[in-house]
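Those protein sequence lines, which keep their order, are chains A and B.
First residue of the first sequence: 1, per my numbering; consecutive thereafter.
First residue of the second sequence: 1, per my numbering; consecutive thereafter.
For each residue, glycine too, the CB sits at the ideal point set by N, CA and C.
There are 2 protein chains.
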Amino acid sequence: MRAGNTSPDPSYYTAMAATFGFRVTATDGAARRGEMTTAHGTVQTPAFMPVGTQGTVKAVLPRDLVDLGTEIILSNTYHLYLRPGDRLVARHGGLHRFIGWERPILTDSGGYQAFSLSARRTIDERGICFRSHLDGSEHLLTPEKATDIQANLGSDIAMALDECLAYPATRDEAAASMERTLRWEKRCREQFARLGDQPGALATAPTISNPGQAQFGIVQGGTHMDIRVASAQATVGLGFEAYAIGGLSVGESPETMYEVVGATAPHLPADRPRYLMGTGTPVDLVESVARGIDLFDCVMPTRNARNGQLFTSEGRLNIKNARHADDPAPPDPRCVCYTCQHFSRAYLRHLFMAGEITAATLNTLHNLNFYLDSMRRIREAIAFGSFDQLRQEYRRIFARRSVDS
Amino acid sequence: MRAGNTSPDPSYYTAMAATFGFRVTATDGAARRGEMTTAHGTVQTPAFMPVGTQGTVKAVLPRDLVDLGTEIILSNTYHLYLRPGDRLVARHGGLHRFIGWERPILTDSGGYQAFSLSARRTIDERGICFRSHLDGSEHLLTPEKATDIQANLGSDIAMALDECLAYPATRDEAAASMERTLRWEKRCREQFARLGDQPGALATAPTISNPGQAQFGIVQGGTHMDIRVASAQATVGLGFEAYAIGGLSVGESPETMYEVVGATAPHLPADRPRYLMGTGTPVDLVESVARGIDLFDCVMPTRNARNGQLFTSEGRLNIKNARHADDPAPPDPRCVCYTCQHFSRAYLRHLFMAGEITAATLNTLHNLNFYLDSMRRIREAIAFGSFDQLRQEYRRIFARRSVDS
Chain A
1 MRAGNTSPDP SYYTAMAATF GFRVTATDGA ARRGEMTTAH GTVQTPAFMP VGTQGTVKAV
61 LPRDLVDLGT EIILSNTYHL YLRPGDRLVA RHGGLHRFIG WERPILTDSG GYQAFSLSAR
121 RTIDERGICF RSHLDGSEHL LTPEKATDIQ ANLGSDIAMA LDECLAYPAT RDEAAASMER
181 TLRWEKRCRE QFARLGDQPG ALATAPTISN PGQAQFGIVQ GGTHMDIRVA SAQATVGLGF
241 EAYAIGGLSV GESPETMYEV VGATAPHLPA DRPRYLMGTG TPVDLVESVA RGIDLFDCVM
301 PTRNARNGQL FTSEGRLNIK NARHADDPAP PDPRCVCYTC QHFSRAYLRH LFMAGEITAA
361 TLNTLHNLNF YLDSMRRIRE AIAFGSFDQL RQEYRRIFAR RSVDS
Chain B
1 MRAGNTSPDP SYYTAMAATF GFRVTATDGA ARRGEMTTAH GTVQTPAFMP VGTQGTVKAV
61 LPRDLVDLGT EIILSNTYHL YLRPGDRLVA RHGGLHRFIG WERPILTDSG GYQAFSLSAR
121 RTIDERGICF RSHLDGSEHL LTPEKATDIQ ANLGSDIAMA LDECLAYPAT RDEAAASMER
181 TLRWEKRCRE QFARLGDQPG ALATAPTISN PGQAQFGIVQ GGTHMDIRVA SAQATVGLGF
241 EAYAIGGLSV GESPETMYEV VGATAPHLPA DRPRYLMGTG TPVDLVESVA RGIDLFDCVM
301 PTRNARNGQL FTSEGRLNIK NARHADDPAP PDPRCVCYTC QHFSRAYLRH LFMAGEITAA
361 TLNTLHNLNF YLDSMRRIRE AIAFGSFDQL RQEYRRIFAR RSVDS
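Here it is, written out as structure tokens:
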């Protein structure tokens, strides 16, 4: 039995939302199939969360997401805090109601965007001081504030605030940053418990409460395996509902990322979902599932769609490539999505070259279908004990940069 | 009985597509309810055609248009000729198949855009010589070429090439332009007949044929009533399947436009649909229907949607207005469209301010629903003999510039 492969004492979970749960229903090696329950419904895992940064998954509507079988989306706290504001969202009944999405939502902490998008930012023990990328206004994102904002948004899963470590980082930098992240996470957890214990009774935020919300901790430590392990053990000690691996897909090689995931996952509780943040390519998905990851989010399927890059059963395809100009075939002959069932590469290239909004929509529908269908295939393969075959298939398909370059 | 209110001798229609037909099913004053049959199905009239300039109605998908009850769309010959090219479209089975739209399509002649969008253009008896707004390449759009291109596109209804008269125009300018339009229309009709008589057998365009296509003539004459009447009579003499009124909504007042429509429509055959090109506001629709118009197209519902202006049962609404920032009401509380059933003004304003693509989509769905539902109400009111009440309601609602300014 691997170290850390069980939960800490149940007393750690005193603040745990009664509605949150997770159970593993099948395993194949370290890959797990499971079911995560939240206040807004159940999510089959491994699951991919389309990213709805500003309260909408770009270029597609909630009804499209439902049709695609999307069970959970991610939304960005930094963006929604700045515009339209978390208090406005709370006044409108929370994020689900405001954006017309009735299924689960996970919100990040806002830390990564405050670090990467804002005009100027400084980080100290209090938190992240930054200037809005919209109007230059100054804000201080503390662990307590990140927790409050996410309570106002009313997401099903809130993330603790972590410090973003630049890549590459020395061992000392990584260790110091991980320690600060731990201190911030502890404050997040305490604030989370206060909101849960005294709904509506906080002097600092009188109207904030977080019924039904779960909170995930985040493991940091750069690419230093021993720091990752220490971070995992200490974060688990804080007793979150579940745990994420953060600070990857930031410039390191895929192999390094897989190595970090493989070294970290066994130190996270086996009876809790494991979430790899901000990743990744189709190969990243299967390689991470192979190492015990249950949850993913990434802008890749949606952003690449808007840039004309499609994921297909034959590999990546650049729809703007001139060779598609007269091609009557669908993007992916084996795909059953709306786009592939109704439109040719020639038409999609035309829409893209003409700068039409519907190019973004049709490409996004296809790429999201590819990602969500990949997760369905992964779950089925795990249940059938054939996951490794699927993993090898994805490695082979996506070995080439693209099918048309 | 009004002059010209019957069709010319049936022998004029030798080239008429067997599949094209029109019958009036109810009248209320000069307003008519009817049914227009084309090669791709039947259209209830009065009808509004959403504009799909580049082979897509901007920001919405064919399945959305079907859900909205769209029975016919318009597409622009100028744009499709330049990109992706009418021959490419023909190779892909025609426009319907290429763009995934199985219902009727009307194409314009390309003349208006060649005149208004191209970099440099000169007009002489041959046609319109212009430079592409895309790459500066030089093209000559003749009546014959406009007819060939539309045959390649395979639209259900093709439009004859007319000359675009600048507004305002003197009587002499309007008369000369109208005469040239007539000569061009005659050439269009002759080319159309050649394509129909000898499918696939033209030396100049060996692969072009137009089975099932109908061709409409266009009445010109600016705001000079006698020239309009002369144009109508002479155009009808050319024996098109039906007739349009062109050259309006170009700067004249609404009252002047209604006057021209009212003076022209009676000179067009009562047993043929009458199409008012490029118009208009909701009030334009009811005022023109009141004068015997059956078909409309306009970019207003789609373009205004992308600019944040919504048409509602209470009038125009600018969703970007700050007063909507915290408003939980739908854009139109009486509307049953997807947008109004699921989203608040506050959310739609947020999406618009955030520059999200879904703002364009949701606003377009709403505005198209407003226009298409308006046409349904118009048709019902004509059948019930209550059209004038509906007309007055629209005049009252849209008397104000907007509900929120």
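Express the C-alpha separation of residue j and residue i in angstroms, rounding to a whole number.
| i | j | result |
| --- | --- | --- |
| residue 337 of chain B | residue 359 of chain B | 15 Å |
| residue 64 of chain A | residue 237 of chain B | 51 Å |
| residue 393 of chain B | residue 160 of chain A | 55 Å |
| residue 20 of chain B | residue 133 of chain B | 34 Å |
| residue 140 of chain A | residue 129 of chain A | 4 Å |
| residue 151 of chain A | residue 185 of chain A | 16 Å |
| residue 403 of chain B | residue 353 of chain B | 19 Å |
| residue 333 of chain A | residue 194 of chain A | 53 Å |
| residue 203 of chain B | residue 294 of chain B | Residue placement at residue 203 of chain B cannot be trusted, given a pLDDT of 44 that sits under 50; what the coordinates show is reported in the next sentence. If I take the Cα positions, the gap works out to 38 Å. |
| residue 311 of chain B | residue 300 of chain B | 10 Å |
| residue 263 of chain B | residue 225 of chain B | 7 Å |
| residue 314 of chain B | residue 399 of chain B | 10 Å |
| residue 318 of chain A | residue 50 of chain A | 21 Å |
| residue 345 of chain A | residue 120 of chain B | 33 Å |
| residue 112 of chain B | residue 163 of chain B | 8 Å |
| residue 308 of chain A | residue 320 of chain A | 6 Å |
| residue 142 of chain A | residue 126 of chain A | 6 Å |
| residue 330 of chain A | residue 363 of chain A | 12 Å |
| residue 171 of chain B | residue 116 of chain B | 22 Å |
Quick check on DSSP: helix, strand or coil for residue i?
| i | result |
| --- | --- |
| residue 231 of chain B | helix |
| residue 200 of chain A | Here residue 200 of chain A scores only 46 on pLDDT, less than 50, and its place in the model is too uncertain to base an answer on. |
| residue 173 of chain B | helix |
| residue 326 of chain B | coil |
| residue 344 of chain B | coil |
| residue 141 of chain A | strand |
| residue 293 of chain B | coil |
| residue 205 of chain A | Since pLDDT at residue 205 of chain A reaches only 48, below the 50 mark, its modelled position is unreliable, and the value read off the structure follows with that caveat. Reduced to three states, the DSSP call for residue 205 of chain A is coil. |
| residue 16 of chain B | Any reading at residue 16 of chain B needs caution, since the residue's pLDDT is 47, under 50, leaving its predicted position unreliable; the model's value is listed next. Looking at residue 16 of chain B - three-state DSSP - the assignment turns out to be coil, as it is neither helix nor strand. |
| residue 279 of chain A | strand |
| residue 167 of chain A | coil |
| residue 361 of chain A | helix |
| residue 184 of chain B | helix |
| residue 421 of chain A | One cannot answer for residue 421 of chain A here, as it falls past the ends of chain A, which runs 1 to 405. |
| residue 264 of chain A | helix |
| residue 192 of chain B | helix |
What in chain B is Cβ-close to residue i, meaning under 7 Å?
| i | result |
| --- | --- |
| residue 328 of chain A | 92 |
Cβ closer than 8 Å: which chain B residues qualify as neighbours of residue i?
| i | result |
| --- | --- |
| residue 161 of chain A | Under the 8 Å cutoff, chain B gives no residues; its nearest Cβ is about 23 Å from residue 161 of chain A. |
| residue 401 of chain A | Per Cβ cutoff of 8 Å: no residues; residue 401 of chain A is ~26 Å from chain B at best. |
| residue 338 of chain A | 61 and 63 |
| residue 58 of chain A | 356, 357 and 358 |
Can you tell me which residues form a DSSP beta bridge with residue i?
| i | result |
| --- | --- |
| residue 316 of chain B | B/311 |
| residue 34 of chain B | B/24 and B/45 |
| residue 243 of chain B | B/217 and B/274 |
| residue 75 of chain B | B/52 and B/107 |
| residue 130 of chain B | B/121 and B/139 |
| residue 159 of chain A | A/216 |
Under 9 Å between beta-carbons, which chain B residues line up against residue i? List them in chain order, please.
| i | result |
| --- | --- |
| residue 220 of chain A | Chain B residues near residue 220 of chain A: none, gap ~30 Å exceeds 9 Å. |
With C-beta atoms as the reference, is residue i less than 8 Å away from residue j?
| i | j | result |
| --- | --- | --- |
| residue 267 of chain A | residue 232 of chain A | yes |
| residue 261 of chain B | residue 223 of chain B | no |
| residue 290 of chain A | residue 391 of chain A | yes |
| residue 99 of chain B | residue 53 of chain B | no |
| residue 103 of chain A | residue 72 of chain A | yes |
| residue 153 of chain A | residue 77 of chain A | yes |
| residue 106 of chain A | residue 67 of chain A | no |
| residue 255 of chain A | residue 191 of chain A | no |
| residue 174 of chain A | residue 221 of chain A | yes |
Please list, in chain order, the chain A residues whose beta carbon lies closer than 9 Å to that of residue i.
| i | result |
| --- | --- |
| residue 84 of chain B | 325, 326, 346, 347, 349, 350, 353 and 354 |
| residue 88 of chain B | 325, 326, 346 and 350 |
Output, in chain order, the set of chain A residues within a Cβ distance shorter than 7 Å of residue i.
| i | result |
| --- | --- |
| residue 96 of chain B | Within chain A, no residue comes near residue 96 of chain B; the closest Cβ sits about 12 Å away, beyond 7 Å. |
| residue 99 of chain B | 347 |
Is residue i close to the ligand PLP? I mean its beta-carbon at under 7 Å from any heavy atom of the ligand.
| i | result |
| --- | --- |
| residue 322 of chain B | The ligand content of the structure shown is nil, which means the ligand PLP is not present either. |
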